[in-house]
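Have a look at the structure below before the remarks.
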Amino acid sequence: MSSCWFWGCPFRRVETQRKAVSLCEAIQNEG
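For the sequence shown, our numbering puts the final residue at 334, and the numbers step up evenly by one.
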């Protein structure tokens, strides 16, 4: 799960970080 937060690191905006993390979690949930 912590790996998803790594996706948001390159993005400075918190909103963009949350979108990236939510997308990562969605992909992992499907897999």
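All residues carry an ideal CB built from backbone N, CA and C; glycine is no exception.
Exclusion of the five residues before and after tryptophan 308 leaves Val324 as the residues of its chain whose Cβ lies within less than 7 Å of its Cβ. In the three-state scheme derived from DSSP, where H, G and I count as helix and E and B as strand, glycine 334 is classed as coil.
Around the beta carbon of glycine 311, 16 or more other beta carbons lie within 10 angstroms, which makes this residue buried.
DSSP, reduced to helix, strand and coil, places phenylalanine 314 outside both helices and strands of the structure shown, so it counts as coil.
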